[in-house]
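Using the UniProt record's numbering, you'd call the opening residue of the sequence shown number 1 and step up by one each time. We put the beta carbon where it would ideally sit given N, CA and C, even for glycine.
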Amino acid sequence: EGGSNVEVLECFTNLGPIQDFCVVDLERQGQGQVVTCSGTLKDGSLRVVRNGIGIDEQAQVELPGIKGLWNLRDSFAAEFDKYLVQSFIGETRVLEISEEELGETELDGFEHAAQTIWCGNVLGDCLCQVTEKSLRLVSCSMKALVEEWSPGGG
Numbered sequence: 001e002g003g004s005n006v007e008v009l010e011c012f013t014n015l016g017p018i019q020d021f022c023v024v025d026l027e028r029q030g031q032g033q034v035v036t037c038s039g040t041l042k043d044g045s046l047r048v049v050r051n052g053i054g055i056d057e058q059a060q061v062e063l064p065g066i067k068g069l070w071n072l073r074d075s076f077a078a079e080f081d082k083y084l085v086q087s088f089i090g091e092t093r094v095l096e097i098s099e100e101e102l103g104e105t106e107l108d109g110f111e112h113a114a115q116t117i118w119c120g121n122v123l124g125d126c127l128c129q130v131t132e133k134s135l136r137l138v139s140c141s142m143k144a145l146v147e148e149w150s151p152g153g154g
């Protein structure tokens, strides 16, 4: 009779935007829980996700001093990731994903002797790397630096 056919079964708190997260075993029961750093500014909070997710840890690697980690595809349209970029103070390391192994490699056009602040796949089939001193665009197809921008002094 003009009523809605939709019935609310359950409500969930919105955790977005999630700025960061980690998996921990808070109750030491061998069951990982996700702790999120959610929200922004005065509405920011830490949230523990206790149910609704399944965690299947594939590997755990200690990386002392790591400042950032990004996944990259070898082309903008690629379905799967090909590289893991690791940022440390004063250097950037790249791991190549092949079959079921990771191996260290060099990405031509990347600045490996500087800390990466951000990197990612961008339109134009390029990889973008941001360091303290420059922004670099690397062609995925040519595997070479195509453009570099550095801020002017002052």
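Start-to-end residues for the beta strand (DSSP E) that takes in residue i
i      : result
Ile66  : Ile66 to Arg73
Leu26  : Leu26 -> no beta strand (DSSP E), and no H or E assigned at all.
Gln86  : Asp81 to Phe88
Ser98  : Glu91 to Ser98
Gly120 : Thr116 to Val122
Ala77  : First-last for Ala77: undefined, no H or E at that position.
Ala144 : Ala144 to Trp149
Gln33  : Gln33 to Ser38
From the options, residue whose alpha carbon lies closest to that of residue i
i      : options                           : result
Leu63  : Phe88, Phe21 and Leu102           : Phe88
His112 : Pro17, Glu79 and Arg136           : Arg136
Asn121 : Thr105, Ala114, Thr131 and Cys140 : Cys140
Lys143 : Thr105, Gln29 and Thr116          : Thr105
Thr36  : Val24, Phe76 and Gly30            : Val24
Ser75  : Leu127, Ser150 and Pro17          : Leu127
Ile117 : Val34, Glu96, Lys67 and Glu148    : Lys67
Leu26  : Ile18, Arg47 and Asp43            : Arg47
Ser98  : Arg73, Arg50, Cys119 and Arg28    : Arg73
Burial state of residue i, where buried means 16 or more other Cβ atoms lie within 10 Å
i      : result
Leu41  : exposed
Val85  : buried
Thr13  : exposed
Gly146 : Here residue 146 is Val; the residue named in the question, Gly, does not match the sequence. Val146 is exposed by the Cβ-count criterion.
Gly154 : Because the pLDDT at Gly154 is just 44, under 50, the model does not fix this residue reliably, and the value given afterwards should be weighed accordingly. Its Cβ having fewer than 16 others within 10 Å, Gly154 is exposed.
Lys133 : exposed
Gly90  : exposed
Residues bridged to residue i [DSSP beta-bridge criterion]
i      : result
Gln129 : Cys119 and Arg136
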